[in-house]
Amino acid sequence: MADLTCACGSKAIYTRKHEGNSYCASCFKDQFEKRVKRTIRENGLIGKNEVIVVGLSGGKDSSVSLVLMKKIFGERPDIRIIAVSIDEGIEHYRDKSLEVTKKLTRKLGVDHYIVRFKSNLGSSIDDVMAAKAQGENKNLNSCTFCGVFRRYLLNRAARELGATKVCTGHNMDDEAQAVLINYLKGDLKRLARMGPKPALKSNDKFIPRIKPLRDLPEKEVALYALITKAGNYWGECPYVSGIRFEVRDFLNDVESKHSGTKFSFLRTFDAMLPVLRESASKSGLSEITECENCGEPCSGDVCKACELLDKLDVNIAKQKMLLQELVR
Amino acid sequence: MKLKVAWMNEGKEIETKATTISGILKELKINPEIVLVSVNNEIVPDESEVKENDFVEILKVVSGG
Ligand code: SF4
Ligand SMILES: [Zn+2]
Ligand SMILES: [Zn+2]
Numbered sequence: 184m185a186d187l188t189c190a191c192g193s194k195a196i197y198t199r200k201h202e203g204n205s206y207c208a209s210c211f212k213d214q215f216e217k218r219v220k221r222t223i224r225e226n227g228l229i230g231k232n233e234v235i236v237v238g239l240s241g242g243k244d245s246s247v248s249l250v251l252m253k254k255i256f257g258e259r260p261d262i263r264i265i266a267v268s269i270d271e272g273i274e275h276y277r278d279k280s281l282e283v284t285k286k287l288t289r290k291l292g293v294d295h296y297i298v299r300f301k302s303n304l305g306s307s308i309d310d311v312m313a314a315k316a317q318g319e320n321k322n323l324n325s326c327t328f329c330g331v332f333r334r335y336l337l338n339r340a341a342r343e344l345g346a347t348k349v350c351t352g353h354n355m356d357d358e359a360q361a362v363l364i365n366y367l368k369g370d371l372k373r374l375a376r377m378g379p380k381p382a383l384k385s386n387d388k389f390i391p392r393i394k395p396l397r398d399l400p401e402k403e404v405a406l407y408a409l410i411t412k413a414g415n416y417w418g419e420c421p422y423v424s425g426i427r428f429e430v431r432d433f434l435n436d437v438e439s440k441h442s443g444t445k446f447s448f449l450r451t452f453d454a455m456l457p458v459l460r461e462s463a464s465k466s467g468l469s470e471i472t473e474c475e476n477c478g479e480p481c482s483g484d485v486c487k488a489c490e491l492l493d494k495l496d497v498n499i500a501k502q503k504m505l506l507q508e509l510v511r
Numbered sequence: 411m412k413l414k415v416a417w418m419n420e421g422k423e424i425e426t427k428a429t430t431i432s433g434i435l436k437e438l439k440i441n442p443e444i445v446l447v448s449v450n451n452e453i454v455p456d457e458s459e460v461k462e463n464d465f466v467e468i469l470k471v472v473s474g475g
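This is how it looks when you write it as structure tokens:
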């Protein structure tokens, strides 16, 4: 068998299995960018006069989303792009990926802020996990702690920077996993809040989140990162745990036997979403309220961050946040 | 056929009956969804064929974190 070829005649580097099309590097790149633009356009993710905060971890997904935001909107005078990295404090992992973020924002000429768990919460993940090893916070899951506070700090930082949107690097795999997890947990409230566009009723304290890579599978995001050199940090967090990784393996297992599964799973969910949202809003599930304790937006009486803090020995800085602007 | 394979920071020589990347991944029990593969330093589709003495590099691309 000869080498697989792209429709343009060049040697293919990738086959989108459920479509049966093979692409060369240059056509793949074009296709990928077209899809991202389509996701943005069809869902009205970005309008006029926006300040977009891109959450940048240094991994391939967030790096690709920053590169594309800059590429698509960088010339628009009414749009400002700012990168914000959250430093959870994970030695040998986050410190390395933060170096990658600094290089990338310097190269792109994008303003960049770092927000540290340690200076805003009093503890890093390393601290919290070390305490757990000593017998404290026994039931605490690293990823729950990490995820809740990362979202919390990113939202606050974005708000203080005057953002109109928070852009994250979530890809199709992340989304399919999240849908399935919320399904398995029976979390209707969260399910109703998912989907391609920000769903929540507006609350000035909550900055709507957008996910321009949501229609691209993880493998394609990785390929784009590799061929454009947008990102090439492949480190893994030492604290990876929880149901997400079981669900990830399960979905990939099914996908490898039946290509297109992740795609159709997410499409089915999107199609059901209007009904889900209607029923959630009838029962008051989609309401955004303000946390009784810290005043941050949430969907109950007390926000998830305060709920967790109650069980832990960390404190949220009530004063203005500590944002570290990068000196270039 | 003999091949050189690099996977998870480890390089080794393998003897295989597989003739394609997909076949090699199957033999090594690696899910194709979580990797990108290059042969002699060029990224290739999973259906690509391999030949004696090729250098097959397998990069895990799913992230944790
Ligand atoms: S794997 Fe878990 S603990 Fe590590 S960075 Fe991701 S969410 Fe945080
Ligand atoms: Zn082509
Ligand atoms: Zn709160």
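The listed protein sequences correspond, in order, to chains A and B.
All letters in the first sequence, in the order written, are residues 184 to 511 by our numbering.
All letters in the second sequence, in the order written, are residues 411 to 475 by our numbering.
For glycine and all other residues, C-beta sits at the position ideal for the given N, C-alpha and C.
It should be emphasised that the depicted structure is a prediction, and the values quoted were computed from it without experimental measurement.
The beta carbon of B/ASN441 sits closer than 9 Å to some beta carbon of chain A. For the segment 293 to 307 of chain A, the set of positions with a beta-carbon nearer than 8 Å to some beta-carbon of chain B is empty. Within 10 angstroms of the beta-carbon of A/GLU271 lie 16 or more other beta-carbons, which makes it buried. Listed by position along chain A, the residues whose Cβ is nearer than 8 Å to that of B/GLU457 are LEU187 and THR198. Using a CB distance below 8 Å, no part of the segment 215 to 236 of chain A faces chain B. DSSP places A/ASP356 in the helix class (H, G or I) of the three-state scheme.
Taking a cut-off of 8 Å on C-beta distances, the segment 386 to 395 of chain A touches the segment 338 to 355 of chain A, as three or more cross pairs fall below it. Chain-ordered listing is empty here: chain B has no CB closer than 8 Å to the CB of A/SER447, the nearest sitting near 15 Å. About 18 Å separates the CB atoms of A/VAL234 and A/ILE269; that is not less than 8 Å, and the two are not in contact.
Judged by their CB atoms, A/ALA340 and A/VAL236 are nearer to each other than the 9 Å cut-off.
Residue environment for A/ASN415: exposed (fewer than 16 other C-beta atoms within 10 angstroms of its C-beta). Listed along chain A is no residue with a C-beta nearer than 7 Å to that of B/VAL447; the closest approach is about 10 Å. Here the residues close to ligand 2, judged by CB distance below 5 Å to any of its heavy atoms, are A/CYS189, A/CYS191, A/SER193, A/CYS207 and A/CYS210 in chain order. Close CB contacts of A/LEU491 within its chain, under the 7 Å cut and outside five residues either way in sequence, are with PHE328 and VAL331 (chain order). The shortest C-alpha to C-alpha distance from A/MET377 to any of A/VAL219, A/ASN365 and A/SER209 is the one to A/ASN365.
Taking the Cβ of A/GLU271 as the reference point, at least one heavy atom of ligand 1 falls within a distance shorter than 8 Å. Using a Cβ-Cβ cut-off of 9 Å, B/LYS470 counts as an interface residue toward chain A, since at least one Cβ of chain A sits closer than that to its own. Secondary structure note for A/ILE235: its beta strand (DSSP E) is the uninterrupted segment 233 to 238. By the rule that beta-carbons nearer than 9 Å mark a contact, B/VAL466 does not touch chain A. Taking a C-beta distance under 9 Å as the contact criterion, A/LYS285 and A/HIS295 qualify as a contact pair. Of A/LEU304, A/GLU419, A/SER302 and A/GLY192, the smallest CA-CA separation from A/CYS210 is found for A/GLY192. Assignment of beta-bridge partners to A/ALA266 by DSSP yields A/VAL237 and A/HIS295.
Here A/ASP387 is exposed, its C-beta having fewer than 16 other C-beta atoms within 10 Å. For the C-beta of B/VAL454, the chain A residues within less than 9 Å are, from N- to C-terminus, ASP186, LEU187, LYS194, ALA195, ILE196 and TYR197. Between A/GLU401 and A/ASP357, the gap from beta carbon to beta carbon is short of 9 Å.
Here the C-alpha atom of A/ILE262 lies approximately 18 Å from the C-alpha atom of A/LEU239. Runs of the alpha helix (DSSP H) lying entirely within the segment 423 to 493 of chain A and spanning at least 4 residues, in chain order: 426 to 440 and 444 to 465.
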